[in-house]
Structure formats: C-alpha cells, structure tokens
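In UniProt numbering, the protein residues as written are 4 to 380. Accompanying notes for the structure given below.
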Ligand code: PMP
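Next comes the structure, spelled out in structure tokens:
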C-alpha cells in the first residue's frame with residue numbers, strides 16, 4: 004500500500020497508523036460481537052471493558068496514583084477553561100484563582116475564569132525580557148516560578164504546560180508550598196504534550212487535556228483530579244461537568260464520547276507497546292533536536308523561543324522572507340508534508356511533531372527545508 008503523507012497538524016493531529024488500521028478492521032464488528040463500537044450502549048459490557056481498559060492503561064502510562072480520579076469528559080480545552088474553575092475555585096472561601104500567562108491558551112483560560120471568581124495574574128511573559136543576556140520577545144519564554152505571585156488564599160494556580168501556538172513547554176512544575184501557598188493547588192492544561200514524557204502527576208491537583216493532539220479524536224477530554232478536591236463544585240456547575248459526579252459514575256454519568264474513548268484506548272495500547280512515556284520522551288527529544296538543530300544552523304529559518312523551554316511537540320518557525328510562505332507551503336504539500344502553516348497570530352510555519360509522528364517524518368521535513376533554503380536562500 005501507498006505510504007501516507009506526513010501530517011504536521013497541531014490538532015486534530017496524526018494518529019499512529021497501526022491504530023487507524025485496527026480501528027478500520029474492527030469498524031463493522033468489534034471482537035465478534037456484531038456491533039461497531041459506535042453502535043454499543045455505553046452501559047453494555049463491551050463498552051464497559053473498552054472504557055475500563057482505557058482508564059487502566061492511561062493510569063499505568065502516567066503512573067497516576069490511586070488517590071487521583073481519571074475522567075473521560077467532553078468540552079475540550081476551552082470547555083475546561085470554564086469547567087475547571089466551576090469545580091475548583093470554590094475550594095477555598097475567597098473563590099480566587101491565579102493564572103500564569105505564557106501564551107494564547109493560558110490567556111484564554113484566565114479570561115474565561117473571570118466569570119467564576121476573583122482572578123489574578125501570578126506571572127506573565129507578555130513583556131519582552133532579557134534572559135541570559137539575550138532579548139526574549141513576548142510569549143517566547145516562561146516566567147521564573149521563583150517569582151510567581153501566588154496569593155495564599157487562592158484556590159488554585161493555573162498553568163498551560165505546553166503553549167501549542169507559541170511553542171513554549173514547561174514541565175518543572177513548582178511546589179506551591181515553597182511559594183508561600185501551601186493550601187493552593189496547581190491546575191495544568193497539558194493538552195498538547197500529555198503522554199509525550201513522564202509527568203509528576205502529584206505536583207498537580209488537576210491535569211486536563213483535549214484528546215485531539217496526542218491521544219485520539221476530538222470530542223474527548225481527559226481530566227486527572229486529586230480525589231480530595233472532588234465534590235466542591237459551584238452550584239451553577241452542570242452535573243455532567245461536575246468532576247465528583249463524573250468520578251462517582253466511572254465517566255458514564257451521561258453518554259461519554261464512546262468512539263473517541265475507544266480510539267484513545269487503542270493509542271494507549273500502542274504507547275505501551277512502544278515502551279511507554281519514557282521511550283516516547285527519548286524519541287521526542289531526538290525528533291525535536293533534529294529540527295531545532297537544523298533551524299538554528301541556518302539564517303534562513305528562525306525559532307524565537309528561549310531554548311530551555313522550547314516545545315518538543317510544537318515547533319514554530321519563520322522564514323527569512325514572509326513573501327516565501329505561500330511557496331513553501333505549496334512545495335511542502337507537493338512533497339507530501341501536510342498542514343505546516345503557522346497559527347495566524349504568529350505567522351510563518353509550525354511543525355507539530357506529536358508522539359505519532361515518526362522520526363522519518365521529521366527527517367523528511369528537514370530535507371525539504373534544506374532543499375527549499377538551497378533554492379530560495
Ligand atoms: N489548550 C491548549 C494548550 C490547546 O492547544 C488547545 C487547542 N489547540 C486548547 C486549549 C483548546 O482546545 P479545544 O479546541 O479542544 O477547546
């Protein structure tokens with residue numbers, strides 16, 4: 004069969020080919036039951052098995068401790084911008100939450116949260132700053148955790164640990180007790196890098212992620228919540244989005260996105276076969292190094308992000324001359340390198356190189372970029 008093109012979309016994004024093939028083979032008849040997964044009751048024994056295995060595999064992959072619930076929800080990342088405050092801002096009397104602003108997605112999160120309580124900025128990368136003797140532009144670095152201003156009365160601090168548009172990744176999650184806020188919990192939007200590397204789940208009270216980047220189809224949202232935080236949702240919180248109610252009902256309070264959970268489950272099994280998140284991290288480090296090293300070696304392409312926080316998943320880069328963008332994208336598509344257009348807010352290109360992107364895809368991209376530089380540089 005014909006090789007598929009390499010797909011660099013930021014999301015919905017490339018999935019492992021083996022998973023797509025298995026899903027295709029099982030489309031009409033899952034394991035001899037005579038039904039497609041899409042046709043099964045979410046209360047039946049077949050789907051119960053699919054859902055329970057997906058949860059168990061995700062727990063194993065991320066070493067999720069028993070005192071954390073793993074929830075399969077709907078609403079996506081932007082839904083969580085409201086769902087997380089509705090569940091957690093009432094944890095403490097002040098109904099306050101502090102947000103670390105590191106790019107578009109965290110800014111969006113903070114704006115939405117204002118509808119639910121007293122929101123403040125703990126730290127922001129909005130201003131250009133000198134770091135290590137180099138001028139870093141707005142949204143190209145991570146504010147130093149030692150300087151985050153966390154109000155001791157805040158219910159939580161929110162962080163986006165991988166800014167998908169800016170390409171800024173930050174996994175050194177701080178201990179909030181050391182910042183003078185021992186009662187405050189960390190909440191993390193990990194949508195665009197969950198499962199790409201080990202993560203210290205215990206550092207956070209809540210980790211959430213839309214599935215459509217590193218996990219599976221759009222429509223599924225994962226939330227990993229410390230159980231002691233459940234049951235404190237604001238009275239206005241819809242029951243279907245109340246983490247406590249969803250946890251009590253094993254993610255089947257309402258009809259969950261069953262097919263998306265099934266595909267996510269196949270991806271979790273694929274990840275386990277690959278050696279889990281530690282093996283993924285090794286592969287992702289190699290893929291990112293290949294691309295960043297080449298970009299840094301040219302004057303033709305440029306990535307503006309502070310090196311220690313460059314994302315391994317989303318690599319934005321600009322061409323020396325914006326007038327070449329359309330030609331770059333056209334030729335890339337001819338070379339079967341798809342969806343490289345950067346987000347409109349930063350321009351240029353973006354290569355998203357999630358778990359399912361093989362290193363051959365990154366090699367093909369670098370070879371193409373070299374050739375394009377040679378003929379247009
Ligand atoms: N957070 C992050 C980090 C994202 O990358 C995205 C989607 N690109 C979102 C939130 C929004 O997710 P959704 O479209 O699922 O609402």
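Even glycine gets a Cβ: it sits at the ideal position worked out from N, Cα and C. Model, not experiment: these values are computed from the prediction.
When you compare the region 272-290 with the region 198-218, are there three or more beta-carbon pairs, one atom per stretch, that lie closer than 8 Å? Counting Cβ pairs under 8 Å, three or more are found: they touch.
Comparing alpha-carbon positions, which option in 211, 236, 240, 45 lies nearest residue 228? That would be 211, whose Cα lies nearest to the Cα of residue 228.
Cβ-based burial, residue 377 [other Cβ within 10 Å; buried from 16]: Burial call: exposed.
Looking at C-alpha atoms only, which residue of 110, 180, 123 is the closest neighbour of residue 164? When each option's Cα is compared against that of residue 164, the closest is 110.
Can you round the beta-carbon distance between residue 126 and residue 154 to whole angstroms, since I take them to be within the 8 Å contact cut? Not confirmed; about 12 Å, so no contact.
Confirm the yes/no value for this check: CB of residue 240, any heavy atom of the ligand PMP, distance under 6 Å. Residue 240 has its CB no nearer than 6 Å to any heavy atom of the ligand PMP.
Closer than 6 Å to a non-hydrogen atom of the ligand PMP - does that hold for the CB of residue 80? Between the ligand PMP and residue 80, a heavy atom-to-CB distance of less than 6 Å is present.
Between the Cα of residue 348 and the Cα atoms of 176, 167, 9, which residue gives the shortest distance? Out of 176, 167, 9, 167 has the C-alpha closest to the C-alpha of residue 348.
Okay, do the region 54-63 and the region 257-271 touch, 3+ Cβ pairs below 8 Å being the bar? Output reads yes: the region 257-271 touches the region 54-63.
Is residue 213 near residue 106, with beta carbons less than 7 Å apart? Not in contact: residue 213 and residue 106 (Cβ atoms no closer than 7 Å).
Within a Cβ cutoff of 8 Å, which residues of the same chain sit near residue 294, ignoring the five residues on either side of it in sequence? Its chain contains 318, 354, 356, 365, 368, 369 as the residues whose beta carbon lies nearer than 8 Å to that of residue 294, once the 5 sequence neighbours on both sides are disregarded; these appear in chain order.
If you measure between the beta carbons of residue 237 and residue 82, is that distance less than 7 Å? The Cβ atoms of residue 237 and residue 82 do not sit closer than 7 Å to each other.
Can you confirm whether the region 135-151 touches the region 168-185 when touching is taken to mean that 3 or more C-beta pairs between the two stretches lie within less than 8 Å? With the cut-off at 8 Å, the region 168-185 and the region 135-151 touch.
What residue range does the alpha helix (DSSP H) around residue 268 cover? That run of the alpha helix (DSSP H) goes 261-277.
Using a Cβ-based criterion (distance less than 6 Å to any ligand heavy atom), does residue 234 qualify as near the ligand PMP? Not under cutoff, so the answer is no.
Between 9, 116, 289, 170, which has its C-alpha nearest residue 157's C-alpha? Nearest option by C-alpha distance: 116.
Endpoints, the alpha helix (DSSP H) within which residue 345 is located: If you look at residue 345, you'll find it isn't in any alpha helix (DSSP H); DSSP assigns it neither H nor E.
Under three-state DSSP, which class holds residue 285? The answer is helix: DSSP assigns residue 285 an H, G or I state.
Could you give the DSSP three-state label for residue 92: helix, strand or coil? Correct three-state label for residue 92: helix.
Between the Cα of residue 231 and those of 292, 187, 339, spot the shortest distance and give me the residue it belongs to. If we check each option's Cα against that of residue 231, 187 comes out closest.
Taking the runs of the beta strand (DSSP E) that are 3 residues or longer, which of them lie wholly in the region 46-92? Unbroken beta strand (DSSP E) runs of no fewer than 3 residues, entirely contained in the region 46-92, are found at 71-76, following chain order.
Got a sec: does the ligand PMP put a non-hydrogen atom nearer than 6 Å to the Cβ of residue 300? No, Cβ of residue 300 sits at least 6 Å from all heavy atoms of the ligand PMP.
Residue 215 vs residue 361 beta-carbon contact at 7 Å: Contact flag unset, no.
Would you say the region 65-78 touches the region 239-258, given that touching needs at least three Cβ pairs under 8 Å? Yes, since at least three Cβ pairs between the region 65-78 and the region 239-258 fall closer than 8 Å, the two stretches touch.
Which partner residues does residue 354 have in the DSSP bridge list? Residue pairing from DSSP places residue 354 in a beta bridge opposite 318.
Ignoring anything shorter than 4 residues or poking outside the region 137-216, list the alpha helix (DSSP H) runs there in chain order. Taken in chain order, the region 137-216 contains no complete alpha helix (DSSP H) segment of 4 residues or longer.
Is DSSP giving residue 312 helix, strand or coil here? In the three-state reduction of the DSSP assignment, residue 312 falls in the helix class, which pools H, G and I.
Between the C-alpha atoms of residue 7 and residue 27, what's the straight-line distance to the nearest angstrom? Near 15 Å, if we compare the C-alpha coordinates of residue 27 and residue 7.
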